[in-house]
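**Q**
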Amino acid sequence: LVIGIESFSGRQSLVAIFMILVSAMGYAWAVTMVSKKIPHIEPISINGLAMLFTAIVYLPLAILTAPDYLPSAKVLGTILALGLFPTALAFILFFQLIKDIGAARGSLVTYLNTAFAVVLGVIILNEPFTLGIALGLPLVLIGSYFAGRKTITSAR
115 LVIGIESFSG RQSLVAIFMI LVSAMGYAWA VTMVSKKIPH IEPISINGLA MLFTAIVYLP
175 LAILTAPDYL PSAKVLGTIL ALGLFPTALA FILFFQLIKD IGAARGSLVT YLNTAFAVVL
235 GVIILNEPFT LGIALGLPLV LIGSYFAGRK TITSAR
């Protein structure tokens, strides 16, 4: 369900599917690194390293799929603003959340973020509500609920 049932129809770009899988692996790697390997580093530094690593990974694909023309200054400014403010700020908060509540519960944000994006895409952008969404969305929400619950242990 990471890439969607529709991805097996043959109508989807293999490059796009690859990028989605790399992104999912990147989230998993980031959570592990923050919680286990580098818990003493500030979230803003972790965010900078994550963005640099992501840029390096995606650079070859960006070069191969670059458009024939340069977007306008307005478009480039909008991309820069979206990258710096909501994206960078969200990642800084995400890494701080992992430090504060732990990797397992903190990583649930990535699942809920995807669920909200899908719902907003259907409502606002009139994207199709597919079988994959109908099956996957409840699984994501139910799984996130159970994974995020605090367990009660008895002291017998």
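The opening position of the sequence shown corresponds to residue 115 in the numbering used here, with each subsequent residue numbered one higher. Every residue gets a Cβ at the ideal spot worked out from N, C-alpha and C, and that includes glycine.
#1: Is the beta carbon of A229 sitting closer than 7 Å to the one on L251?
#2: Quick check on DSSP: helix, strand or coil for F205?
#3: Check whether the segment 201-213 and the segment 152-171 are in contact - that is, three or more C-beta pairs closer than 8 Å.
#4: Is the separation between the beta-carbon of F205 and that of N161 shorter than 7 Å?
#5: Measure from the alpha carbon of N198 to the alpha carbon of each residue in M165, L245, F132, then state which is nearest.
#6: Might you give, ordered along the chain, the residues of its own chain that have their beta carbon closer than 6 Å to the beta carbon of Y259, omitting 5 neighbours on each side?
**A** Short version:
#1: Counted from its first residue, the sequence shown places residue 229 at position 115. Counted from its first residue, the sequence shown places residue 251 at position 137. A229 places its beta carbon less than 7 Å from that of L251.
#2: Here residue 205 is taken as the residue at index 91 of the sequence shown, counted from 1. Collapsing the DSSP output to three states places F205 in a helix.
#3: Contact check between the segment 201-213 and the segment 152-171: three or more CB pairs, one atom from each, fall below 8 Å, which counts as touching.
#4: Reading the sequence shown from its first residue, position 91 is the one you call residue 205. Reading the sequence shown from its first residue, position 47 is the one you call residue 161. F205 places its beta carbon less than 7 Å from that of N161.
#5: Position 84 of the sequence shown, counting from 1, holds the residue named residue 198. Looking at the sequence itself, residue 198 is Leu, so the reference to Asn does not match. Nearest Cα to L198 within the set M165, L245, F132: M165.
#6: The residue labelled residue 259 in the question sits at position 145 within the sequence shown. Cβ contact annotation for Y259 (same chain, cutoff 6 Å, sequence separation greater than five): none.
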